[in-house]
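Notes follow the structure.
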Amino acid sequence: MNPTFTLRVLSKSDVQQAVSMARAIEIVKGAFAQLSAGKAVVPIRTQLPVDRHQGVTLFMPAYLSESDDLGVKIVSVFPRNLERDMPTIFALVVVVEADTGRPIAAMDGTYLTALRTGAASGAATDLLARPDAHVAAIFGAGAQGRTQLEAVCQVRDIRRAWVFDVNAEAAARYAEEMRGRGGRVPADIRVARSPAEAVREADVICTATTSTSPVFADGDLRPGVHINAIGAFTPQMQEIPADTVRRARVVVGSREACWAEAGDLIIPRDQGLISEEHIYAELGEIAAGVKVGRASADEVTLFKSVGNAVQDVSVAREVLVQAERLGLGVEVAL
Ligand SMILES: NC(=O)c1ccc[n+]([C@@H]2O[C@H](COP(=O)([O-])OP(=O)(O)OC[C@H]3O[C@@H](n4cnc5c(N)ncnc54)[C@H](O)[C@@H]3O)[C@@H](O)[C@H]2O)c1
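Our numbering numbers the first residue of the sequence shown as 5 and each following residue consecutively.
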């Protein structure tokens, strides 16, 4: 018996080198398909309030039985860190070997979260947006907004993107940075002066804000638009107008998680505008071919996700596989 067990520790840059957005999209499709087929164990995340420091730490475990991926993400949101000039969000993912229960890797979860959240929207856009979608609009010029655009560009021929943020400086920085991103991200990135201007010609919209109220007006949308809504993650938060939710074909990451946490759906349900049957499908049902995606060129499709640990754990396992192949990270003897 070998008495020395090692843990591979991977930095943000290791994670970035290990898995591309295109690969993450494929992995996340497979993870959602397992979730919807009952082949994943995913408790609703534990939110541990740390009232003394006005923070909250979330514990997000998952086991995917088909791909045999096991692990947990720990993510902290501590807004008072701003006073110390520190990030408000920290995240770590631990990968556990499924056949022995041995922890085998610990990696930065901040970029991994942006990667897997972008990948879910990439998967949804691939399965639901019109094939001829060429213009994107991004609400929220933060960390998620960046990978949202990258993911959408991965699956559609996006030629122009609009960005809107209530913080005009953040939007300008975003546009400047994303113009030079390269790959499939176009150089034509424009800052919108209003939500209406952002959505006017958009075929795909991503909302990735911290807003608690709708970020655009339903009447400003184009027919046939596809929307990825990933910002609101509590019953009180809302990014999407109730009228849009009501007329859209709604697809979610997980029905259970959305009815527990997604204000975008809970608020219109509580107002009597939609019933729980209004959710047409989980993304995994469409990824697995159990249900079809878009039914007509003119319908509005909406993907709502509050984030799911199957995304973290499946992508983290792929990061580890690639890190071992490429020799990334540091091995620590436990
Ligand atoms: N669903 C998921 O899987 C998932 C994963 C990670 C983060 N999130 C959530 O996504 C949101 C964005 O995360 P982030 O890390 O990019 O945050 P961030 O703080 O880096 O960026 C959010 C941006 O949204 C902007 N904003 C706020 N209200 C707006 C509005 N009404 N219109 C336009 N812009 C507005 C802010 O000015 C800010 O620039 C957060 O609520 C976060 O909790 C969801």
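C-beta atoms are modelled at their ideal positions from N, C-alpha and C, and glycine is treated no differently.
Going straight from the alpha carbon of residue i to that of residue j, what length do you get?
i: residue 50; j: residue 60; result: 10 Å
i: residue 304; j: residue 228; result: 5 Å
i: residue 98; j: residue 31; result: 18 Å
i: residue 106; j: residue 118; result: 26 Å
i: residue 198; j: residue 214; result: 17 Å
i: residue 78; j: residue 71; result: 22 Å
i: residue 127; j: residue 112; result: 23 Å
i: residue 58; j: residue 88; result: 14 Å
i: residue 174; j: residue 180; result: 10 Å
i: residue 153; j: residue 140; result: 8 Å
i: residue 275; j: residue 244; result: 14 Å
i: residue 195; j: residue 148; result: 17 Å
i: residue 301; j: residue 134; result: 7 Å
i: residue 200; j: residue 151; result: 22 Å
i: residue 68; j: residue 208; result: 30 Å
i: residue 323; j: residue 26; result: 13 Å
i: residue 239; j: residue 216; result: 10 Å
i: residue 294; j: residue 221; result: 33 Å
i: residue 190; j: residue 178; result: 13 Å
i: residue 52; j: residue 81; result: 11 Å
i: residue 42; j: residue 192; result: 42 Å
i: residue 218; j: residue 186; result: 31 Å
i: residue 224; j: residue 44; result: 39 Å
i: residue 145; j: residue 234; result: 13 Å
i: residue 269; j: residue 182; result: 31 Å
i: residue 299; j: residue 167; result: 28 Å
i: residue 315; j: residue 56; result: 31 Å
i: residue 131; j: residue 206; result: 17 Å
i: residue 333; j: residue 281; result: 46 Å
Checking 7 Å against the spacing of the C-beta atoms, do residue i and residue j come in under that value?
i: residue 313; j: residue 90; result: no
i: residue 73; j: residue 321; result: yes
i: residue 116; j: residue 19; result: yes
i: residue 95; j: residue 114; result: yes
i: residue 317; j: residue 237; result: no
i: residue 335; j: residue 8; result: no
i: residue 256; j: residue 278; result: no
i: residue 39; j: residue 288; result: yes
i: residue 232; j: residue 143; result: no
i: residue 172; j: residue 123; result: no
i: residue 36; j: residue 264; result: no
i: residue 249; j: residue 272; result: yes
i: residue 325; j: residue 28; result: no
i: residue 137; j: residue 163; result: no
i: residue 13; j: residue 110; result: yes
i: residue 100; j: residue 75; result: yes
i: residue 188; j: residue 210; result: no
Within 6 Å: the Cβ of residue i and any heavy atom of ligand 1?
i: residue 171; result: yes
i: residue 82; result: no
i: residue 145; result: yes
i: residue 206; result: no
i: residue 15; result: no
i: residue 237; result: yes
i: residue 216; result: no
i: residue 309; result: yes
i: residue 219; result: yes
i: residue 242; result: no
i: residue 148; result: yes
i: residue 104; result: no
i: residue 165; result: no
i: residue 193; result: no
i: residue 248; result: no
i: residue 151; result: no
i: residue 285; result: no
i: residue 29; result: no
i: residue 234; result: yes
i: residue 202; result: no
i: residue 50; result: no
i: residue 3; result: Here the chain comprises residues numbered 5 to 338, so residue 3 is not present and cannot be evaluated.
i: residue 174; result: yes
i: residue 212; result: yes
i: residue 10; result: no
i: residue 117; result: yes
i: residue 121; result: yes
Fill in: Sequence ranges, alpha helix (DSSP H) only - wholly within the stretch 208-277, length at least 4
The qualifying runs are 246-251, 259-265, 267-274.
*asked:* For a minimum of 4 consecutive residues, which ranges assigned as the alpha helix (DSSP H) are wholly contained in the stretch 66-150?
replied: 114-132
Handout entry: Complete beta strand (DSSP E) runs within the stretch 285-330 (minimum length 3 residues, chain order)
Key = 305-308
Every unbroken alpha helix (DSSP H) within the stretch 160-185, with a cutoff of 4 residues, ordered by chain: 172-183
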